[in-house]
Amino acid sequence: MSAAQQSFKWIGTRPVRPDGVPKVIGTAKYGADYHLAGELYGKILRSPHAHARIRSIDTSRAAALPGVKAVMTGADLPDHDFAYIGPERLAVNFWHVTRNIMAREKVLYEGHAVAAVAATSPAIAKQAIELIQVDYEVLPHVIDVDAAMAEDAPLLFDDMITRGVEPAPSRPSNVSKRIQFEMGDLDAGFAAADEVIERHYKTKPIHQAYIEPQACLANWEKGKGELWSSSQGHFAVRNLTAKLTGITIGDIKVNPAEIGGGFGGKTVVYIEPVALTLAKKTGRPVRIAMSREEVFLATGPTSGASMTVKIGVKRDGTITAAEAILKYQAGAFPGSPVMNGCMCAFAPYAIPNQRTTGYDVVSNRPKAAAYRAPGSPISAFAVESTMDIAAKAIGMDPVDFRLKNAATPGTQMVYGPKLAHGGYVETLQAIKNHPGYKAPLGPNQGRGVASGYWFNGAGDSAATITVNADGTAAISTGSPDIGGSRASMAMMAAETLGIDYDAIESKVVDTEAVPYCHVTGGSRVTYATGMAVIEACKKVIDDMRRRAAMIWDVDVDAVVWEDGHARPASSNVGDLKPLSFKEIASKFSATGGPIGATGTLNAGGQAPGFSTQFCDVEVDPETGRVTVLRFVAAQDVGRAIHPSYVEGQIQGGVVQGIGWALNEEYIYDDAGHMTNAGFLDYRVPVASDVPMIEPVLVEVPNPNHPFGVKGVGEVNICPPMAAIANAVANATGRRMQDLPISPPRLLEAIDERSGTEL
Amino acid sequence: MTVRVVLSTGTSIEHTGGQKEFEIEARNLRGVIKAMEERFPGIGEFLEEETTVAIDGELHESAYFQPLRENAEVYFLPKIEAG
């Protein structure tokens with residue numbers, strides 16, 4: 093039976109979320125909530141300059157301060173060869189990474205870590221870092237991506253030659269890499285178009301703005317290190333910390349803390365190598381907790397970008413050609429998500445002639461880190477805005493225009509393979525059929541539509557199930573729960589085993605308690621770790637069938653598993669009363685010992701995510717303030733295991749998109765200092781800023797997963813920026829091509845008619 | 002069985018002198034990687050460790066065991082970043 097045809101007892105229901113009560117009453121333990129006797133307080137000295145050469149660092153006065161137990165600089169971490177390791181899109185150069193953890197030759201952004209201390213109190217630690225003397229030679233800096241690409245831009249690295257260009261450039265620049273995807277005949281495609289639309293767009297760098305700042309506790313005892321930290325993957329924390337400190341993986345254990353938001357930003361490390369180095373130096377536990385200001389200044393935001401998009405379209409609505417040139421800020425070290433931007437830009441559409449070109453550009457900002465569908469929302473803003481203009485140019489409804497060109501299974505993707513899964517058309521139809529889509533609008537109001545695409549991930553996961561004598565069970569995984577995975581793992585186990593959801597405890601355990609799990613990111617956990625859970629459950633079922641056969645003294649092939657019971661496969665086996673999961677569990681000792689199993693796999697066959705959204709906005713023509721009146725987000729979710737969590741993912745992604753569209757941005761002064769490093773001035777949406785986001789769950793099951801699961805956590809953040817810009821254009825007649833569409837910018841466009849015409 | 006193997010532009014420049022498409026005799030992904038390694042020494046480790054593979058459009062991590070059908074299309078892509 094296919095996943096689409098199955099009926100379920102637990103899948104698709106909404107049991108009480110297991111993480112709810114601990115979070116509400118305050119017993120959930122986050123990164124900063126762990127303590128050990130005798131712990132020291134770590135504090136990091138950060139650069140006051142956006143760009144400067146370090147002539148010298150003198151830590152002697154800090155080290156001599158009573159209460160200071162250790163001081164460290166970049167020299168206390170092993171250096172690494174200059175080499176890009178890993179895939180093109182994710183290539184990691186540990187020569188760069190170790191310099192991001194702690195600067196060596198230069199500081200490359202305000203807030204760049206320079207040195208650290210461990211002291212017996214926070215006050216002494218603060219006093220100590222003020223005693224560290226750093227002799228800087230201040231250098232010219234550059235923030236904006238276009239400015240960083242200019243001929244005369246200050247260079248962050250004197251020897252950076254752009255990769256991906258043949259022949260290689262003879263001069264260094266801030267362009268780390270150029271990439272390109274192409275198919276068909278672009279010139280012929282544009283020549284065949286009746287209308288060619290070309291526009292330029294800019295987005296500001298923004299932060300993931302998770303509520304919980306990075307925090308960790310490190311201990312070093314008997315030649316081994318132990319960490320407690322909040323992250324999206326404690327196995328990744330372990331492996332990265334090992335690499336950066338020169339300690340073997342087997343000598344580090346990482347305990348997962350509850351996580352207060354990550355959104356991609358907690359897939360990398362900043363403080364763990366520092367805390368563990370200080371713990372090793374002192375022999376005492378060391379805790380480091382970042383302030384909000386440190387989070388803004390020194391942890392990975394997503395890129396700001398400069399983009400040009402060109403779309404050619406016939407009068408009947410057929411897109412004949414499309415091109416995107418995408419320039420993304422990587423921050424201080426190479427590695428923006430521009431390749432994702434290139435691959436996702438036109439992925440929702442069947443366009444025979446395409447070219448996407450990407451530039452990865454360093455500038456004096458913190459190194460970019462992943463943020464929800466990394467790279468895709470940025471290019472989606474430019475592409476989906478241009479799609480709206482193109483639809484207007486030929487007088488077509490924006491949903492019908494997208495339906496006319498929608499990618500379906502078999503559509504050639506610019507990045508190589510053909511699309512294997514559907515789901516996009518269904519999201520468009522869901523929006524077209526939504527009653528609100530045709531609802532009348534009032535004065536100064538406008539409606540906007542946009543779509544988005546994200547790959548979704550899979551990969552390495554593991555899960556262990558242990559069965560207790562009373563018929564309860566525990567599931568352990570190494571996938572931190574940032575979106576409801578403890579509940580969904582228990583629900584998939586309950587469905588597979590045929591027992592009650594309430595009989596299963598679902599836990600996230602440390603790096604020594606379960607085999608390796610890749611990070612919670614890429615919308616991969618419900619899919620991949622879920623498959624590991626199902627595999628473990630199937631092993632338990634096979635074991636229980638074997639034990640039932642032993643009890644009945646029949647062949648194991650004569651025993652089937654149905655609805656939580658071992659049953660005789662047919663009446664020929666005998667008149668045997670079915671044995672329940674609990675009954676077999678109670679006889680574990682007599683039938684061969686404890687019952688448990690581990691499932692491990694490298695999951696593949698994941699299906700991509702598509703989302704189509706529309707919103708209604710009202711613009712105050714006197715202030716430029718945009719009020720979002722309605723937001724409807726349709727997303728292909730494959731199969732919603734726990735619909736409430738899935739709806740929460742969609743609502744969360746949309747709210748972050750609203751912030752990205754309307755308010756969020758890093759604001760710099762002339763010296764390259766961020767002037768709004770706090771939530772009072774860096775304006776994320778609050779509850780009163782947004783309407784109730786209406787999620788529409790479109791279920792096109794993935795046949796490669798036993799329950800039809802597709803990743804749901806990311807694609808929802810791709811459409812909102814363009815949906816809002818398109819709605820604002822319809823409300824005001826002004827096309828806002830730069831984000832954020834903050835009140836002063838929109839007011840200027842309205843008052844001075846300075847924005848681009850529609 | 003014969004399968005069609007396609008590399009990204011970047012991978013082809015780096016490992017195969019710019020050739021992007023190949024016909025390979027293999028039953029599973031391990032066979033594809035082995036055959037590519039025989040033709041271009043050093044590429045095998047790269048394909049194993051640093052790519053995601055799309056077999057007839059379905060994405061997989063580059064695990065050895067993935068079976069192939071006759072005339073399957075095998076694309077090696079950069080790995081997908083987590084968010």
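Chains A and B, in that order, give the protein sequences. For the first sequence, my numbering gives the first residue as 93, with consecutive numbering after it. For the second sequence, my numbering gives the first residue as 2, with consecutive numbering after it. By construction, the Cβ of each residue, glycine as well, lies at the ideal position given by its N, Cα and C atoms.
So, using beta-carbon positions, are residue i and residue j closer together than 8 Å?
i, j, result
"residue 427 (chain A)", "residue 368 (chain A)", "no"
"residue 464 (chain A)", "residue 551 (chain A)", "no"
"residue 153 (chain A)", "residue 227 (chain A)", "no"
"residue 471 (chain A)", "residue 437 (chain A)", "yes"
"residue 132 (chain A)", "residue 206 (chain A)", "no"
"residue 724 (chain A)", "residue 570 (chain A)", "no"
"residue 510 (chain A)", "residue 502 (chain A)", "yes"
"residue 618 (chain A)", "residue 609 (chain A)", "no"
"residue 549 (chain A)", "residue 803 (chain A)", "yes"
"residue 512 (chain A)", "residue 58 (chain B)", "yes"
"residue 740 (chain A)", "residue 812 (chain A)", "no"
"residue 430 (chain A)", "residue 451 (chain A)", "yes"
"residue 688 (chain A)", "residue 558 (chain A)", "yes"
"residue 565 (chain A)", "residue 599 (chain A)", "no"
"residue 623 (chain A)", "residue 683 (chain A)", "no"
"residue 396 (chain A)", "residue 432 (chain A)", "no"
"residue 41 (chain A)", "residue 694 (chain A)", "Only positions 93 to 850 of chain A appear in the structure, and residue 41 (chain A) is not among them; the question remains open."
"residue 411 (chain A)", "residue 403 (chain A)", "yes"
"residue 605 (chain A)", "residue 577 (chain A)", "no"
"residue 815 (chain A)", "residue 538 (chain A)", "no"
"residue 652 (chain A)", "residue 659 (chain A)", "yes"
"residue 362 (chain A)", "residue 391 (chain A)", "yes"
"residue 782 (chain A)", "residue 747 (chain A)", "yes"
List the whole-angstrom C-beta distance separating residue i from residue j, where the pair is believed to meet the contact cut-off of C-beta under 8 Å.
i, j, result
"residue 801 (chain A)", "residue 733 (chain A)", "7 Å"
"residue 626 (chain A)", "residue 584 (chain A)", "6 Å"
"residue 64 (chain B)", "residue 30 (chain B)", "7 Å"
"residue 143 (chain A)", "residue 232 (chain A)", "7 Å"
"residue 819 (chain A)", "residue 709 (chain A)", "4 Å"
"residue 774 (chain A)", "residue 756 (chain A)", "7 Å"
"residue 385 (chain A)", "residue 769 (chain A)", "5 Å"
"residue 350 (chain A)", "residue 198 (chain A)", "About 37 Å; that fails the 8 Å criterion."
"residue 308 (chain A)", "residue 364 (chain A)", "5 Å"
"residue 721 (chain A)", "residue 833 (chain A)", "In fact, because the Cβ distance is near 15 Å, the residues do not count as touching under 8 Å."
"residue 542 (chain A)", "residue 743 (chain A)", "Wrong, their Cβ atoms sit about 17 Å apart, outside the cutoff."
With distance defined between alpha-carbon atoms, name the residue in the options nearest to residue i.
i, options, result
"residue 151 (chain A)", "A:716, A:362, A:145 and A:166", "A:166"
"residue 453 (chain A)", "A:557, A:532, A:480 and A:297", "A:297"
"residue 8 (chain B)", "B:60, B:69, B:68 and B:48", "B:48"
"residue 3 (chain B)", "B:14, B:68 and B:77", "B:68"
"residue 161 (chain A)", "A:372, A:604 and A:102", "A:372"
"residue 794 (chain A)", "A:745, A:636, A:702 and A:839", "A:702"
"residue 614 (chain A)", "A:544, A:737, A:462 and A:498", "A:462"
"residue 809 (chain A)", "A:694, A:575, A:546 and A:713", "A:546"
"residue 209 (chain A)", "A:718, A:588 and A:168", "A:168"
"residue 629 (chain A)", "A:839, A:681 and A:656", "A:656"
"residue 526 (chain A)", "A:786, A:102, A:844 and A:171", "A:786"
"residue 696 (chain A)", "B:60, B:76 and B:80", "B:60"
"residue 718 (chain A)", "A:439, A:409 and A:751", "A:751"
"residue 839 (chain A)", "A:712, A:588 and A:291", "A:712"
"residue 74 (chain B)", "B:12, B:28 and B:11", "B:28"
Please list, in chain order, the chain D residues whose beta carbon lies closer than 7 Å to that of residue i.
i, result
"residue 7 (chain B)", "In summary, chain D is missing from the structure at hand, where the protein chains are A and B."
- Would you check if the segment 297-312 of chain A and the segment 349-360 of chain A touch, i.e. whether three or more CB-CB distances between them fall below 8 Å? yes
- Can you find at least 3 beta carbon pairs, one from the segment 516-528 of chain A and one from the segment 726-744 of chain A, that sit closer than 8 Å? yes
- Task: For the segment 717-747 of chain A, list the beta strand (DSSP E) runs that are entirely contained and at least 3 residues long, ordered along the chain.
- Result: 718-728
- Query: For the segment 129-201 of chain A, which segments carrying the beta strand (DSSP E) assignment without a break, of at least 3 residues, lie completely within its bounds, in sequence order?
  - Reply: Taken in chain order, the whole beta strand (DSSP E) runs of length 3 or more contained in the segment 129-201 of chain A are 132-138, 144-150 and 160-165.
- Using 8 Å as the threshold, is the segment 446-461 of chain A in touch with the segment 216-226 of chain A, meaning 3 or more CB pairs across them? no
- Message: Report the start-end ranges of each beta strand (DSSP E) in the segment 312-388 of chain A that is 3 residues or longer and not cut off at the edges.
- Response: 316-321, 344-348 and 378-381
- Task: Counting only runs of 4+ residues fully inside the segment 647-727 of chain A, write out the alpha helix (DSSP H) ranges in chain order.
- Result: 673-678
- Query: Considering only residues of the segment 574-628 of chain A, which uninterrupted beta strand (DSSP E) runs meet the minimum length of 3 residues and lie entirely inside it, listed in chain order?
  - Reply: 596-600
- Only counting runs of 4 or more residues, tell me where the alpha helix (DSSP H) segments fall wholly within the segment 445-491 of chain A, in order along the chain. Runs of the alpha helix (DSSP H) spanning 4 or more residues and lying entirely within the segment 445-491 of chain A occur at 468-485, in chain order.
- Touch check for the segment 323-342 of chain A and the segment 12-23 of chain B: three-plus C-beta pairs under 8 Å? no
- Residue ranges of each beta strand (DSSP E) run of no fewer than 3 residues wholly in the segment 247-312 of chain A, ordered along the chain? 267-275 and 287-295
- Considering only residues of the segment 757-843 of chain A, which uninterrupted alpha helix (DSSP H) runs meet the minimum length of 4 residues and lie entirely inside it, listed in chain order? 812-824
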